[in-house]
Amino acid sequence: MSQSTAGKIDHHNEEEHHDTSSIKIFGFWIFLISDLILFSVLFATYVVLRTRYSGGPTGAELFEVPIFVAETFILLTSSFTSGLATLGLQQGKVKTVINWLIVTVVLGIAFVGLEVTEFITLVEEGATISTSAFLSAFYVLVGTHGLHVSAGIIWMISTIFQLSRYGITEETNRKTQVVSLYWHFLDVVWIFIFTVVYLLGVM
Amino acid sequence: MTTEKHTEHHSSFQSYVTGFLFSIVLTIIPLVLVLNDMLENPLLLVIILLAACFQFVIQIYYFMHLRENKNRGYIVLALIVGIIIVVTVVGGSAWVMNF
Amino acid sequence: MPSRKTVKRFLMLILSTFAVFLLSACSSEQFIVLNPKGPVGEVQANLIFVSFLVLMIVIIPVLLLFFFIVYRYRDKPGNKSPYKPEWDDNVKLEVVWWGIPIILIAILSILTVRDTLVLQGPPSEDVEPITIQVTSLDWKWLFQYPEEDIATVNYLKIPVDTPVQFELTSDAPINSFWIPQLGGQRYSLPGKSSTLWLEAEEAGTYYGTANNFSGDGFTEMNFDVSTVPDADFDKWVEEVKATNQPFTMEDYQELVKPSIVGVSAYSSIPPNLFEFIVDKNGGKYYKSNNHTEQFDNSRQLELGN
Amino acid sequence: MIESIKNFSSDFFVTGDPLIYGADVSIVLVMVAIIFVLTYFKKWKWLWSEWLTTVDHKKIGIMYLIASLLMLFRGGVDAILMRTQLAFPNMDFLPSDKYNEIFTTHGTIMILFMAMPLMFALFNMVVPLQIGARDVAYPFLNAVSFWTFFFGAMLFNLSFVIGGSPDAGWLSYAPLSETQFSEGPGQNYYIWGIQISGIGSLASGINFLVTILKMRAPGMKLMKMPMFSWSVLSSCIIIIFAFPILTVTLGLLFIDRYFGANFFTLAGGGNPMYYVNLIWMWGHPEVYLVVLPAFGVFSEVVATFSKKKIFGYKSMVFALLSISLLSFFTWVHHFFTMADYKVDAFFAITTMAIAIPTGVKVFNWMFTMFRGRIQMKPPMLWTIAFIPTFLVGGATGVMLAVAPADFQYHNSYFLIAHFHQVLIGGVVFGFFSGIYYWWPKIFGFSLNEKLGLWAFWLWNIGFYVTFMPQYALGFMGMPRRVSTYGWDMGWAPLNFISTIGAFLMGAGFIFQVWQIVYSIKHRNKEGAADPWDGRTLEWSIPSPPPEYNFAIIPKVSEQDDWWYKKQKGLTKVKEDYKPIHMPKNSGIPFIMGGFWFITGFGLTFEWTWMGIIGLIGVATSIVVRHLDNDTDYYIPVDEIERTEARIGGTR
Ligand code: HEA
Ligand code: HEA
Ligand code: CUA
Ligand SMILES: [Cu+2]
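In structure tokens, the structure reads:
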């Protein structure tokens, strides 16, 4: 795990060595915070438009408890498993890291799959994005989160690929840490969707 | 580089499990409360929002390694400002749009 | 290189612009915002004047001090004024320039809150107000007089010394209803009825305009407001009733289409047209639409729920 | 078949207007000329390897500078056209539909494609040098930011000749900007032009925030950092928190238009007023984030040319940070006439509160000059012109903030005058001051002062002549965005004067272009390393700086460290070079920008296939980069030695 990327001169020859990894992770945190603002605007939109049903269905009529509860627990678990992957990182066990990442990806796919089925059912019931402002806000808030998760899945797969190819290097170590940060963040956002959209919706 | 990496991380399996259990419990409580209509509206609202906020803290504390991050000072500051802005965006919009 | 002369020229330039502006503002009738013809406009003109003065208390001395400093400490051979390159802090001064603005802002805040509250209600309490329902359309104004049961397009007539409650809405992009000499504007919003109180104290014809951009015909959306004594107003209502056609739903559908039209008037209005317009664009979602109670039934009919 | 092609092309290309044909012809001519020159002088390779693929912050800064000056020209031509139309009553030089397009593009271009990139030009040219860093934190991302800005701006400008420009105002209020009232590609151009460049702005915000927090030279504590870098930090804070709001707002508008959602529509329970709320939650912080770096420039310039330390450093820093935070709590002042009265009162007070820290900055600048020695060099002249201009513009801002009075000013020419006074007097003067100040550093030669003086006076006099009458027009009840007016209101004389002023400013701009061209021809390289006897680190290295900036990273011990070292005679450094770690050039940012352009263009015309191709391209670029592990290299010691010997560095 101490090997540096192929073809590079030893890093510590350099006079002023800024710790690249920690700077990149710091930047990623800042990005996450700005992404948090992005979601907060979507939440605000949902809160402002949540009663504008325009004669269409309400949240209580649409949301199915088993589905969103399942989604929630799947995502919670995947956040845990992606955490275990970073734990493997510290112990320097590539296999462990890759395995836990694969579990996470599978859970992520299950989550997205459930969400897509949920959307399809809704659309079949005639509740589309153009039915009412409430539904527009619902689809865009939940859908944006879903897109984030999907992007995370692709990203994680590409990280798995790199891990299996290069092992744990400074680069792959950082990339794994970052993707797992991202995953935890999406879990946090989902908790608020679960609370604000679904729980308050069926209340 | 080896030594450096090792001092940087010292989260353990245990802390992940603790975090995971916490988050499960914090999900189940509001779920049960809501599905069984156990509490009056304003109180229920407060409790489930609080549970969500707690989860946020749990994730950051147990999963996102904020404790061990070299830049945690800046990050915590940025998070605080971020939360202020989030509250302003959501609360402010709701207030302003409530003609 | 600019020397004393340049600086002086600069100073003259700024001061003279200011002077011209101030002098002309006080003397000319053309500055309609500063020559209000009604109590609401007066409150606002006074507030403008007072806030201007408060600001001048700080701006003028600061400007003078600024020019003095630039003049005194310019870099020229033989300048004897002190030079202290390391002098970079002074707590007393800091307290002064945090403190004075705080005080002035506090004063302005109090004035703001006071007048915000004043403008909430009718300008005078002892006279029975009239109500006019204003709808901004693409690109014309529809004025309905619900009590008189008449409507006009692109012109307004109101009685003098009577508070007028304008109820504003829009069946087109957001617009703003502004009669500068009577008082400040308010937005006309789709789906929302908002209230603007105005009153005229002098008979005359005033300029009214649309003031929030709404597309190609926006420039044409100005209108005349004539204010007349009570008796003349009643006479005018009679006249409108006698000489015009009734306003029908079909007329309205025609009027809604984007177009630029002249003035016209109608002898009656369809019941609840205004409420219909408000509700069709989402009116039921606002608690504060003040027709909510009386309109409950027809809304149920229209929206089918 | 031929018929349908004809129909298509008459929709696609804007036709029927001599102005547009003129633009078409000149665009084609300029492109042919550029291609010819590049081919004739065999410069294609040079262009690609030295500029299009560069990740060097100095070169990126120069590209930002060139692009934003071009945009200033474009926005300025718009302004001249508007002022010509308004010079006399009942003019029909521009019919209302054209006029609407032109004020929309004027406002959008000036703020988003002129002021923002000019600001980023200064960030890039100065920040790493000033904090003693070799580059920004993420050089690759920096290039991505530039190219997304560039292609976003190009997309927006394309609307003039292909498809038609947006015409719903620079903030495109719904429902006017919805399909119901604005069909066709114009509004989509607006959305995608801004959206794409907005990605770059957000990335730059993060980039410079991290650069400033993490890349400072050893010993440069935050409280020893130069004021300009502080102002950049405050500005980045605003970017990071405000730009996501813009992204979502435009995104929702697009979803309404493209997928038939009902966020801001009239039907379906949509809420157009919520758009107004959202856009100002970004829009107000936006105008402050462009002015803060200008404040930073003034702080540097005032100290340098007064030969004195900046006064009240700590309270300057505190003021900057409190302005950036406060700027998030005032947005409702743009729609007092819509909101509830309690809301109005609250936001009136928060708005006025911003005057307090701003005032503190003004006083501190004045007391920096106090007991100093003021040298009237070009950068200082712009600063001196700024203070009174901004003072008055700020004061009229406070007048606007008095909510009940705002009911009379709102959307009148009083408002137009206010914001041009702060935008031109604050932002434009500030950035000009910065460009004059740092020009020798970046280019290695100085600008002709005489021509600069002409430009200075023309801009200043022109500014007052244009905008002072507009305050009066506001009191005469003239609304903004009217395309013409009659004789009856008495608006004619002041409008005419105002138009004269606009032409004076136009002449000022021509002098600036002349000044630059002249100075390039007659290069004066004398003393370019430290021409103003500067105070901060950027003046300690040669001009233009080598690609690695500092051969040896300085050790900082004081605020104004370079000045201090000069005073103590500590400017000699031991020449003990080590290999320097540098990022490699990359073509990906440029290509990714191109794919964004394709995406934006496709979605603008609602050609989904093209949008998808573009997005796949963008995603592929990201993945390719993600998989690339060969992104940097080392400059060996002997090369550093050669370079330093050639440019006479490391004093
Ligand atoms: C760089 C850009 C910039 C800056 C810095 C400002 C600064 C300020 N602006 Fe401005 N503003 C705009 C750009 C800017 N504005 C734009 C573009 C619009 C219109 C957009 C549109 O509608 O298209 C606008 C519109 C606008 C409005 C909306 C009006 C309306 O639509 O009806 C208001 C209302 O409150 C306002 C207020 C202020 C205030 C209070 C400040 C303050 O920050 C000013 C503070 C400065 C001073 C006050 C001077 C120095 C202070 C002292 C010397 C201390 C002592 C002073 C006192 C005690 C008062 N602005
Ligand atoms: C940083 C921002 C910025 C800047 C620098 C400017 C610069 C100028 N603006 Fe702009 N303006 C805005 C931002 C800005 N504006 C915004 C946001 C709006 C609101 C838009 C909206 O309502 O949606 C607006 C609106 C606006 C209006 C109101 C239109 C209306 O509501 O109907 C007017 C009218 O006079 C105007 C004038 C000018 C002028 C004369 C300049 C001058 O400073 C321009 C200087 C001129 C040049 C740089 C010329 C360069 C050209 C040449 C050199 C060509 C040579 C030709 C000759 C001299 C013949 N502007
Ligand atoms: Cu330098 Cu790693
Ligand atoms: Cu503002």
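Protein sequence lines, in the order shown, are assigned to chains A, B, C and D.
According to UniProt numbering, the first sequence holds residues 1 to 203 in order.
According to UniProt numbering, the second sequence holds residues 1 to 99 in order.
According to UniProt numbering, the third sequence holds residues 1 to 305 in order.
According to UniProt numbering, the fourth sequence holds residues 1 to 651 in order.
Even glycine gets a Cβ: it sits at the ideal position worked out from N, Cα and C.
No experiment lies behind these values; they were computed from the predicted model shown.
| Asked | Found |
| --- | --- |
| Can you tell me whether D/Thr-571 is buried or exposed? The criterion is at least 16 other CB atoms within 10 Å of its CB, across all chains shown. | exposed |
| Identify, in the order they occur along the chain, each residue of the same chain with its Cβ nearer than 8 Å to the Cβ of C/Leu-171, setting aside the five sequence neighbours on each side. | Before going on, a small fix: residue 171 of chain C reads as Asp here, not Leu. Cβ within range, chain order: Thr-135, Ser-136, Leu-137, Pro-190, Val-256, Ile-277, Lys-280, Asn-281. |
| Put D/Asp-56 into one of helix, strand or coil per three-state DSSP. | coil |
| Residues in its own chain within less than 8 Å of A/Val-105 by CB, not counting five upstream and five downstream? | Ile-153, Met-156, Ile-157, Ile-160 |
| Taking B/Gly-19 as the reference, which of B/Asn-69, B/Val-57, B/Ser-93 has the closest Cα? | B/Val-57 |
| Quick one: what does DSSP say C/Tyr-145 is sitting in, helix, strand or coil? | strand |
| Assuming residue 662 of chain D and B/Met-97 make a contact with CB atoms under 8 Å, what is their CB distance in whole Å? | With chain D running from 1 to 651 in the structure shown, residue 662 of chain D is simply not present. |
| In chain A, which residues lie less than 8 Å from B/Val-90 when you measure between Cβ atoms? | Ser-40, Phe-43, Ala-44, Val-47 |
| Does the structure place the segment 103 to 118 of chain D close enough to the segment 159 to 170 of chain D that three or more beta carbon pairs sit under 8 Å? | yes |
| Between C/Ser-51 and the rest of its own chain, which residues show a CB-CB distance below 8 Å, the 5 nearest in sequence each way excluded? | Leu-108, Leu-111 |
| Looking at the C-beta of A/Gln-162, does it have a partner C-beta in chain D at a distance below 8 Å? | yes |
| Strictly below 8 Å CB to CB, what residues from chain C border D/Phe-228? | Those within 8 Å of D/Phe-228 in chain C number zero; the least Cβ separation is about 17 Å. |
| Could you name the residues of the segment 43 to 70 of chain B whose beta carbon sits closer than 8 Å to any beta carbon of chain D, in the order they occur along the chain? | none |
| I'd like to check one pair, D/Thr-499 with D/Leu-246: are the Cβ atoms closer than 8 Å? | no |
| Quick check on C/Gln-133: does DSSP put it in helix, strand or coil? | strand |
| Along the chain, where does the alpha helix (DSSP H) that runs through D/Phe-467 open and close? | 449 to 475 |
| Any residues in the segment 132 to 145 of chain D with a beta carbon nearer than 7 Å to a beta carbon of chain A? Which ones, in chain order? | Ala-137, Tyr-138 |
| Output, in sequence order along the chain, the residues in the segment 70 to 81 of chain B whose CB is closer than 9 Å to any CB in chain A. | Lys-70, Asn-71, Tyr-74, Ile-75, Ala-78, Leu-79, Val-81 |
| At a CB-CB cut-off below 9 Å, which residues of chain B make contact with D/Asn-277? | Gly-92, Ser-93, Val-96, Met-97 |
| Beta carbon of D/Ala-79: closer than 7 Å to some heavy atom of ligand 2? | yes |
| As a quick exercise: from D/Thr-620, D/Phe-13, D/His-334, pick the residue whose alpha carbon is nearest that of D/Phe-160. | D/Phe-13 |
| Just verifying my parser: in three-state terms, what is the DSSP assignment at D/Pro-583? | strand |
| Ignore the nearest five residues each way along the sequence and tell me which others in C/Tyr-155's own chain have a CB closer than 6 Å to its CB. | Phe-223, Asp-224, Val-263 |
| Which one of D/Asn-188, D/Pro-404, D/Met-223 has the shortest CA to CA distance from D/Phe-597? | D/Asn-188 |
| Which residues mark the beginning and the end of the alpha helix (DSSP H) in which C/Thr-243 is found? | 230 to 243 |
| Please list, in chain order, the chain A residues whose beta carbon lies closer than 8 Å to that of D/Asn-271. | Val-48, Leu-49, Arg-52, Ala-133 |
| Where does C/Gly-283 sit, in a helix, a strand or coil, going by DSSP? | helix |
| Identify whether D/Lys-574 lies in helix, strand or coil by the three-state DSSP scheme. | coil |
| What residue range does the beta strand (DSSP E) around D/Pro-293 cover? | D/Pro-293 -> not in any beta strand (DSSP E); alpha helix (DSSP H) instead, spanning 272 to 306. |
| With hydrogens ignored, establish whether the beta-carbon of D/Val-287 is closer than 7 Å to any heavy atom of ligand 4. | yes |
| Do D/Met-338 and ligand 2 come close, with the Cβ less than 7 Å from some heavy atom? | no |
| Kindly indicate which three-state DSSP category B/Phe-20 falls into: helix, strand or coil? | helix |
| Can you name the start and end residues of the beta strand (DSSP E) that C/Ile-150 belongs to? | 150 to 153 |
| Using DSSP with H/G/I as helix, E/B as strand and the rest coil, what is D/Tyr-548? | coil |
| Which same chain residues end up closer than 8 Å to C/Phe-274 when comparing Cβ atoms and leaving out the 5 residues on each side of it in sequence? | Gln-133, Thr-135, Gln-144, Pro-146, Glu-167, Thr-169, Ser-193, His-291 |
| With respect to the alpha helix (DSSP H) encompassing A/Asp-35, which residues constitute its N-terminal and C-terminal limits? | 20 to 49 |
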